[in-house]
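2 protein chains.
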Amino acid sequence: MNKKAIDKLLLHPVSWLANSDPNESIAISSRIKLARNLSGLTFPINSSESEQNKVLSITSSIIRKNKILNNVMEFNINSLSDIDRCFLLERHLMSRDFCKEGSGGRCLMINEAESCSIMINEEDHMRTQLIQPGLSLQSIWTVIDEIDNRLSKNISFAYNKTLGYLTSCPTNVGTGMRASVMLNLPGLVLAGHLDAVVRGISKLGIVVRGLYGEGSECVGNLYQVSNQSTLGESELQIIQRLKNIIQQIINHEKNARLKLLETKQNFLQDHIGRAYGVMRYSYILSSKEALNSLSILRMGVDMKMFTLLDIDSINELFISTQPAHLQKYSLKKLTLAERDTLRAKIVREKLQKSS
Amino acid sequence: MNKKAIDKLLLHPVSWLANSDPNESIAISSRIKLARNLSGLTFPINSSESEQNKVLSITSSIIRKNKILNNVMEFNINSLSDIDRCFLLERHLMSRDFCKEGSGGRCLMINEAESCSIMINEEDHMRTQLIQPGLSLQSIWTVIDEIDNRLSKNISFAYNKTLGYLTSCPTNVGTGMRASVMLNLPGLVLAGHLDAVVRGISKLGIVVRGLYGEGSECVGNLYQVSNQSTLGESELQIIQRLKNIIQQIINHEKNARLKLLETKQNFLQDHIGRAYGVMRYSYILSSKEALNSLSILRMGVDMKMFTLLDIDSINELFISTQPAHLQKYSLKKLTLAERDTLRAKIVREKLQKSS
C-alpha cells in the first residue's frame, strides 16, 4: 500500500503550488500546524514503543472513522525508504525530524488532495498540518480549526486552563499553533536589503527560516516566515499579526523589485537571463542553483520581464528537481553527481519543449 | 585619411581569424615580428622628435616607393584617439607600448589585407610584423623574410657581424625576431594541467604570455607562446624549435580534451552549455567572460560537441566584443558598464539569429 500510494503522489502536482494565484506569487504557500497530545498518555519524546503504538491505534481509527482526511493514505515511517521519506519532506507533508528512524508508532496520514497531513508520534502525539498556495492563512485556519474541533470531539487532548494545549516543547504550549508562509524574496536579496528586513522582523516575535523549516539553510531566495510565540494571544490574533507583517515583507519585496527595475534594469534582466540560460543549457545542475534560478525566473514572470516559461512550469520544476523526486522518477538511489546530471537533463528538456 | 582608413578596417574581419583552418583551431594565429634600426641614427628610446621624424620620412617613403605594403594605410599615432589606438591593438596590428602618447614620428603602416604592419619609432626604428591564421610560422617566415630583404636593399640596417641586428633592448639583438603563436587551451585549463605545461616550456627558452603579449593577463584560455632568445640560432632554427614545442602543447591540449571527454563528459558539456547559455541570455557581459565563453565554445566546435554556432561566428564575436571595437560600432566613448551592456546585446542578437 505504502509504495503504491507514494507513487500516486508523484503523479500529481503538490497542492500548495497548483493553481497558485499569479497576482500573489511572492507568497508561494501558507501552512498552519497544530500540536496536540492525548491526555493521560506519555508524550512521544519520553514514551515507549508500545505507548506510541497505542496512540497510533487510537488516533488512526478516529481519523478513519470520522473521515477527518478524505481518502486517507497512511504511511508507517519505518517502513519507508530514505528516498520516500525525503520525498514526503520535499512535498512539505512531514518534518525533517520525522525523516529519522524512530519508533514503529510513527505514522503519517495524508488526505487525497495532499493538502492536509497528520504526523502521529512526532515530537507530539499529533501534528496536524494544512497547506495551501498563496497567502491564505485565514482560510487555512477556518479549515484546520474545523478539523481540530472534529478531532476534539473524539479525543481528549492534554489541556490546561491557564496554559492551553500542552506540548512536548514549551515553545509550543498554548495554542500549539505554528503558522508560516513561504516567501520568494529575490528582489530583497538582489538589492541587499534582506538582512535588514529579517532583523526588523525578528524583533516582532516573528521567525525567518529556510525552505525546510527549523535549522534548514535558506536557498533559492525562499524564506519561511512564522510566528515565534504560541502563547498569550488567540490563534486568530497570532494569524492576523503574522499576516500583517508578511504583507509588509511582500511590500518591501515589491518595492525592491520596482527600485531595481527603475535603477538597475539591466542587472535585473541579466539575473533573469542567466538563470534561464544556465538552466536551459547546463549539464550539471545542483539543487541549490536550480532553486535559485527558479526563484529568479518566478520573479521574472511576476514582473512580466520573462515570458519563456509560465508559472506552472516553474512550479513543476520547483518540485520535480528536488533530490528525492529525481530518485523517485528514476526508480533508484542516485549519487549527488547523478542527481545533478539528471536534474540538468530534466530541466533542459522541459525548457527546450517550452521554448 | 586616418579616420576613414580605420573605419574601413572595422568593416572587414581580421586577417588572422578569417578563413582559419577548422582542423587546426587550437592554434588560432601565428605571428612573426622583426626589429630593425637604421644605421647611423639614434635608436628611438633615446632620440629626439626631429630624429624620429627623419626616420619616419626615410622609412615611409621607401615602403611606399617599393610597394612593400599593398595599398598601404598610414596612421600617425598621436593623431589617433584612445579608442582607435586600442582598436588597432585589439586587431593585433600594433603593440601596447605603441598605444601610449609619444613622439610625432610614431607611425603605423598597414597593408590592405591587414596581415602586415610596420610600427615606425616604437622601441626600435622599425618593427615589421606578419600575422596569419593557424600554425603557419614557416610560411609567415618566407613572406616576412622577403619583405625584410626588400627593405634591406634600400635601408642600411644597424648590424654587427658578431651580434647580428642591433636593437634598443639587448633581448632582441641577433635575429631581432620574435615569433609567436596564439593558442586556445581550455582543455588544459579545465583539466588543471596548464601550469605544469607552462612550467615545462619555460625551461626550454619559450615564453607564455597573455592575449596582448608582454605583461598582459591571460584571459579566455588564450595564450601567446613565443621564443625567448633571439641570438645564437638562425631564424629558421628558432622557428623550427618553437614550432616543435607548440606542436607538443597542441598535443597536450588534444589529450586533455580527449581525457575530459572520456572521464568527465558531463563536466565538459556543462562548461560548453553554460558558456552558450550565458552568452545567449545575459544582459551584462564582461570582456573577460566573453573571451572565456568563446574559448570554450571554440573547443566545443572543434570537438563536434557544439553545433549552435560555427567557427566563423565565434571568430567574429571574438573580435567584435572587444572594448574598442564596441566603441567604434557605437561611434562614441563608452563606460565600462555601457560596454558590458552593449557587448551582451551584440552577443545575444548574434546568437539568437544563429539559432
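Residue numbers (the numbering used here), protein chains in the order written: chain A, 1 to 355; chain B, 356 to 710.
Even for Gly, the Cβ is constructed at its ideal location relative to N, Cα and C.
Pick helix, strand or coil for residue i, following the three-state DSSP scheme.
i	result
A/Pro133	strand
A/Gln322	coil
A/Gly104	coil
A/Thr263	helix
B/Thr662	coil
A/Met279	helix
A/Phe98	helix
B/Gly531	coil
A/Leu69	coil
A/Leu183	strand
B/Val574	coil
B/Glu429	strand
A/Val208	strand
B/Asn515	strand
A/Ile284	coil
B/Ile510	coil
B/Thr483	strand
Assuming the contact rule is C-beta atoms closer than 8 Å, residue i and residue j should be a hit. Round their C-beta distance to whole Å, please.
i	j	result
A/Leu17	A/Asn292	At roughly 17 Å, the Cβ-Cβ gap does not stay under 8 Å, so A/Leu17 and A/Asn292 are not in contact.
A/Met94	A/Leu108	5 Å
A/Val208	A/Tyr223	5 Å
B/Ala534	B/Ile604	Incorrect: roughly 14 Å between the Cβ atoms, too far for contact.
B/Trp496	B/Ile387	6 Å
B/Gly542	A/Tyr281	About 20 Å separates the two Cβ atoms, so there is no contact after all.
B/Leu490	B/Ser385	6 Å
A/Val55	A/Ile120	7 Å
A/Ile147	A/Ile68	6 Å
B/Gly560	B/Gln583	4 Å
B/Ser380	B/Arg653	6 Å
B/Gly575	B/Ser668	Their Cβ separation, rounded to whole angstroms, is 16 Å, which puts B/Gly575 and B/Ser668 out of contact at 8 Å.
B/Leu365	B/Thr483	With 8 Å as the limit, B/Leu365 and B/Thr483 do not qualify as a contact, their Cβ atoms being about 24 Å apart.
For residue i, count neighbouring C-beta atoms within 10 Å of its own C-beta (all shown protein chains included) and say buried if the count is 16 or more, exposed if not.
i	result
A/Leu190	buried
B/His626	buried
A/Gly277	buried
B/Ala692	exposed
B/Asp550	exposed
A/Thr59	buried
B/Pro525	exposed
A/Arg199	exposed
A/Ala324	buried
A/Glu101	exposed
A/Thr321	buried
A/Ser152	exposed
B/Arg715	Outside the displayed range of chain B (356 to 710) lies residue 715 of chain B, so it cannot be described from this structure.
B/Asn606	exposed
A/Tyr388	The shown model of chain A, from 1 to 355, leaves out residue 388 of chain A, and the question about it has no answer.
A/Tyr329	exposed
B/Ala645	buried
B/Arg391	buried
B/Glu445	buried
A/Thr307	exposed
B/Glu617	exposed
B/His367	exposed
B/Gly531	buried
B/Ser710	exposed
A/Asp82	exposed
May I ask which residues mark the beginning and end of the beta strand (DSSP E) holding residue i?
i	result
B/Cys471	Cys471 to Ile475
B/Ala382	Ala382 to Arg391
B/Arg581	It is worth fixing the name first, because residue 581 of chain B is Ser in this sequence and not Arg. Per DSSP, B/Ser581 belongs to the beta strand (DSSP E) from Leu577 to Asn582.
A/Ile296	A/Ile296 -> not in any beta strand (DSSP E); alpha helix (DSSP H) instead, spanning Ser287 to Asp302.
A/Val347	A/Val347 -> not in any beta strand (DSSP E); alpha helix (DSSP H) instead, spanning Leu336 to Ser354.
Starting from residue i, follow the alpha helix (DSSP H) in both directions and report where the run begins and ends.
i	result
A/Ile83	Asp82 to Glu90
A/Val189	Pro186 to Ala191
B/Val553	Leu549 to Ser557
*Could you name the residues of the stretch 618–638 of chain B whose beta carbon sits closer than 9 Å to any beta carbon of chain A, in the order they occur along the chain?*
Correct list: Gln620, Asn621, Phe622, Leu623, Gln624, Asp625, His626, Ile627, Gly628, Arg629, Ala630, Tyr631, Gly632, Val633, Met634, Arg635, Tyr636, Ser637 and Tyr638.
*Report the residues of the stretch 327–346 of chain A with a CB closer than 9 Å to any CB of chain B, ordered along the chain.*
For the stretch 327–346 of chain A, the residues whose beta carbon sits under 9 Å from a beta carbon of chain B are, in order, Ala337, Asp340, Thr341 and Ala344.
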